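A.B. asks: The structure's right below; bear with me while I get my questions together.
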Amino acid sequence: MKKTKLGLAIIAAVPLFSCMQAVAADTSAQEIEKIQVTGSRINRTDMESASPVTIISSDFIAQSGYTSVEEILSTQTATAGGSLGANSNNGSGGSATVNLRGMGTNRTLVLLNGRRMVSSGTGADASVDLNTIPVAMIKSIEILKDGASAVYGSDAISGVVNIITKKDYEATAVIAEVSQTAKGDGTSSGFSMLHGMNFADGNLVLGAQYSKRGEVIQSDRDHVDPGCSSFLPSGSLGGKIPDGHGGFDPRAECYDFTQESYAQTPNELVSLFSSFNTEIDADTQFNIDLMYTRRDSNQQMAAQPANIDLDTTKLDNKYTDQFKDDGGNTPGELNYRRRMSDAGSRIYEQKTDTYRFSLGLEGILDNDASWNIDVTYGRNDSEDKVQNSIHADNMEKNIYEKQDLWLDGETISTARSL
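So the sequence shown is numbered by my numbering: it starts at 37 and just counts up by one.
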């Protein structure tokens, strides 16, 4: 419909142009700028696009109050495949990734100024952590929703997200913000500073950004149904729970794991970045980008559900007699389950440092053909910690040695040492 309206407008304007030919002749022709379109190797005018590209401007980002690339992309229908970060408590490793069309994070290519980013050191393999890119430096985000494997390779099968930073920026901007949910939790705060200056034939942009996001517990949200797990703090043997007298009763209850698990995971980010570009001559430009990001993040899940098949020949008869079949035979194994609440909630912590250095030369030849040469170096260092996880072999050995402690249904104060 937009093309139709544009066509009608041009036709309607023809008489007016005919009457003003003399005036138009004195007006210099407007130069049409050539730009690089994501997903194409060809420079095109700003009226052309070979594939459907969604462009998110810095003005839109500022007006919307978004403080992370993750938040910005979560509003786009093309990212409905998920794999973003704040709500990923299980297996994300604290990273925020984009998954266009649900084809996998390693099938969506993330670029910075048209150049590749280093993959995250935690979470999904071969995926860029969106947390490493500070919002303060973003000029626009281009989302190519068609596959671009012919241009970029197999990691762009589902599409490309190209984040373009501010260049030729001449101003100083300082922003501070605080927000929280309607329930008074999940408090987020941030501070950013951006300064750009022109000199001679070049421009320098310097910036810093800090942000902190608070946690939200799953059970504190009405839309989250209570969890119902067969792994109970009292333990169960053969699907039955201890009655406290050496016997077992059928299990008639379950465990709500949402009371400990995060619905929104906390993190803390510090980013430093700079961009410099200058004209070497009328047809050649040099540019360099530097970026560093530190991320401290953690996820919390309910206490570990231990699941072990016990050898009945190693168990006391008082625990196995009631599991005999009609022929008086005891099964060779009985499944033992226990929610290890004594050890506490499972906590996963990450500390990551991401470094990126990129420089390039680009220019135009006499025949208007363009060329560019660039070199990019990226590095991601990560330190991961896991707390309150149980060693299954040690636990099984301890059960055989201290059967009354494990199978009578009481809490186990010594579980932290297992």
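We put the CB at the ideal spot given by N, CA and C, even for glycine. This one's a predicted model, so the numbers in the text were calculated from it and none came from an experiment.
1) When the Cα of ASP389 is compared with those of SER377, TYR372, GLU304 and ILE92, which residue comes out closest?
2) If I follow the unbroken beta strand (DSSP E) through TYR384, where does it start and stop?
3) In the stretch 201-232, which residue ranges form an unbroken beta strand (DSSP E) of at least 3 residues, counting only runs that do not cross its ends?
4) Determine the DSSP secondary structure at ILE92, reduced to helix, strand or coil.
5) Measure the C-alpha to C-alpha separation of ALA172 and MET233 and round it to an integer number of angstroms.
6) For PRO286 and GLY364, what's the separation of their Cα atoms in angstroms?
7) Three or more C-beta pairs closer than 8 Å, one from the stretch 337-352 and one from the stretch 374-382: is that the case here?
8) Can you grab the Cα-Cα spacing for the pair GLU419 / SER155, in whole Å?
9) Within 10 angstroms of the Cβ of TRP407, are there 16 or more other Cβ atoms? Answer buried if so, exposed if not.
10) By how many angstroms is the C-alpha of GLY445 removed from the C-alpha of ASN149?
11) Determine the DSSP secondary structure at PHE293, reduced to helix, strand or coil.
12) Cutting at 8 Å between CB atoms, please list the residues of its own chain near VAL105, excluding the five before and the five after it.
13) Could you tell me which of THR141, GLY275 and ILE211 sits nearest to GLN358, measuring between CA atoms?
14) For a test of the three-state rule: what should DSSP assign to ASN403, helix, strand or coil?
15) Return the residue from the list SER272, ASP182 and GLN300 that minimises the CA-CA distance to THR223.
16) Using a Cβ distance threshold of 8 Å, determine whether the stretch 202-210 contacts the stretch 123-143, with at least three qualifying pairs required.
17) Tell me the residue span of the alpha helix (DSSP H) that contains THR356.
18) With hydrogens ignored, establish whether the beta-carbon of LEU351 is closer than 8 Å to any heavy atom of the ligand SAM.
19) Assuming GLN254 contacts SER228 (C-beta within less than 8 Å), just tell me the rounded distance between them.
20) How is SER32 classed by DSSP in three states: helix, strand or coil?
21) Whole angstroms is fine: what's the gap from PHE267's alpha carbon to MET139's?
22) How is SER163 classed by DSSP in three states: helix, strand or coil?
23) So, do the stretch 322-332 and the stretch 341-352 have three or more beta carbon pairs nearer to each other than 8 Å?
24) Let me know the secondary structure DSSP gives GLN439 once reduced to three states.
25) Identify, in the order they occur along the chain, each residue of the same chain with its Cβ nearer than 6 Å to the Cβ of LEU308, setting aside the five sequence neighbours on each side.
26) Go ahead and pull the three-state DSSP assignment for LYS360.
27) Where does ASP325 sit, in a helix, a strand or coil, going by DSSP?
28) Exposed or buried, GLN99, counting other C-beta atoms within 10 Å across all chains shown (16 or more means buried)?
29) State the DSSP-derived secondary structure class of ARG257, mapped to helix, strand or coil.
30) Can you confirm whether the stretch 395-402 touches the stretch 417-437 when touching is taken to mean that 3 or more C-beta pairs between the two stretches lie within less than 8 Å?
31) What is the DSSP secondary structure of MET153, reduced to helix, strand or coil?
32) With DSSP collapsed to three states, give me the class of ARG80.
33) Please report the residue range of the alpha helix (DSSP H) in which ILE108 lies.
34) Note the first and the last residue of the continuous beta strand (DSSP E) segment covering GLU315.
C.D. replies: Reading off the structure:
1) Walking along the sequence shown from the start, residue 389 turns up at place 353. Minimum Cα distance to ASP389 is reached at GLU304.
2) Against the sequence shown, residue 384 aligns to sequence position 348. Element bounds for TYR384: 382-400.
3) For the stretch 201-232, whole beta strand (DSSP E) runs of length 3 or above, ordered along the chain, are 207-215.
4) Position 56 of the sequence shown, counting from 1, holds the residue named residue 92. In the structure shown, ILE92 sits in a strand (DSSP, three-state: E or B).
5) Start at 1 with the first residue of the sequence shown, and residue 172 comes out as number 136. Start at 1 with the first residue of the sequence shown, and residue 233 comes out as number 197. Taking the straight line joining both Cα atoms gives about 16 Å.
6) Mapped onto the sequence shown, residue 286 falls at position 250. Mapped onto the sequence shown, residue 364 falls at position 328. Rounded to whole angstroms, PRO286 to GLY364 spans 20 Å at the Cα level.
7) A contact exists between the stretch 337-352 and the stretch 374-382.
8) What you label residue 419 is simply residue 383 of the sequence shown in a count that begins at 1. What you label residue 155 is simply residue 119 of the sequence shown in a count that begins at 1. The alpha-carbon atoms of GLU419 and SER155 are separated by roughly 15 Å.
9) By 1-based counting over the sequence shown, the position of residue 407 is 371. Exposed: under 16 other Cβ atoms inside 10 Å.
10) Position 113 of the sequence shown, counted from the first residue, corresponds to residue 149. Position 409 of the sequence shown, counted from the first residue, corresponds to residue 445. Distance between the alpha carbons of ASN149 and GLY445: 59 Å.
11) The sequence position of residue 293 within the sequence shown is 257, counting from 1. In the structure shown, PHE293 sits in a helix (DSSP, three-state: H, G or I).
12) Mapped onto the sequence shown, residue 105 falls at position 69. The answer, listed in chain order, is ALA132, LEU166, ASN167, ILE169, VAL171, ILE174, ILE177 and ILE199.
13) Working through the sequence shown from its first residue, we reach residue 358 at position 322. Comparing Cα positions, the closest option is GLY275.
14) Sequence index remark: in the sequence shown, residue 403 carries index 367 (1-based). The three-state reading of DSSP puts ASN403 in coil, since its state is none of H, G, I, E or B.
15) Locating residue 223 in the sequence shown gives position 187, where the first residue counts as 1. The residue with the shortest Cα to Cα distance from THR223 is GLN300.
16) The answer is no - the stretch 123-143 does not touch the stretch 202-210, with fewer than three Cβ pairs under 8 Å.
17) One-based indexing of the sequence shown puts residue 356 at position 320. Where THR356 is concerned, the enclosing alpha helix (DSSP H) stretches over 353-356.
18) Absence of the ligand SAM is noted for the structure shown, with no ligands found whatsoever.
19) Taking the sequence shown and counting its residues from 1, one reaches residue 254 at position 218. Taking the sequence shown and counting its residues from 1, one reaches residue 228 at position 192. GLN254 to SER228, Cβ: 30 Å. No contact.
20) Limits of the chain in this structure are 37 at one end and 454 at the other, which puts residue 32 out of reach.
21) As a first step, residue 267 must be located in the sequence shown, where it is residue number 231. As a first step, residue 139 must be located in the sequence shown, where it is residue number 103. Rounded to the nearest angstrom, the two C-alpha atoms are 33 Å apart.
22) The residue you call residue 163 lines up with position 127 of the sequence shown. Note: SER163 maps to coil in three-state DSSP.
23) Contact between the stretch 322-332 and the stretch 341-352 is absent, because fewer than three Cβ pairs lie under 8 Å.
24) Residue numbering aside, residue 439 sits at position 403 when the sequence shown is read from its first letter. If DSSP states are grouped into helix, strand and coil, GLN439 belongs with the helices.
25) The residue you call residue 308 lines up with position 272 of the sequence shown. Cβ within range, chain order: ALA244 and TYR328.
26) Here residue 360 corresponds to residue number 324 of the sequence shown, with the count starting at 1. Looking at LYS360 - three-state DSSP - the assignment turns out to be coil, as it is neither helix nor strand.
27) Locating residue 325 in the sequence shown gives position 289, where the first residue counts as 1. In the three-state reduction of the DSSP assignment, ASP325 falls in the strand class.
28) As a position in the sequence shown, residue 99 is number 63, starting the count at 1. With fewer than 16 other Cβ atoms within 10 Å, it is exposed.
29) For this step, residue 257 is matched to residue 221 along the sequence shown. If DSSP states are grouped into helix, strand and coil, ARG257 belongs with coil.
30) The answer is no - the stretch 395-402 does not touch the stretch 417-437, with fewer than three Cβ pairs under 8 Å.
31) In the sequence shown, the residue the question calls residue 153 occupies position 117. The three-state secondary structure of MET153, taken from DSSP, is coil.
32) Residue numbering aside, residue 80 sits at position 44 when the sequence shown is read from its first letter. Residue confidence is low: ARG80 scores 46 on pLDDT, short of 50, so the model does not pin down where it sits. Its coordinate-derived value is still stated next. Looking at ARG80 - three-state DSSP - the assignment turns out to be strand.
33) As a first step, residue 108 must be located in the sequence shown, where it is residue number 72. Per DSSP, ILE108 belongs to the alpha helix (DSSP H) from 105-110.
34) As a position in the sequence shown, residue 315 is number 279, starting the count at 1. Annotation: the continuous beta strand (DSSP E) that includes GLU315 extends over 303-317.
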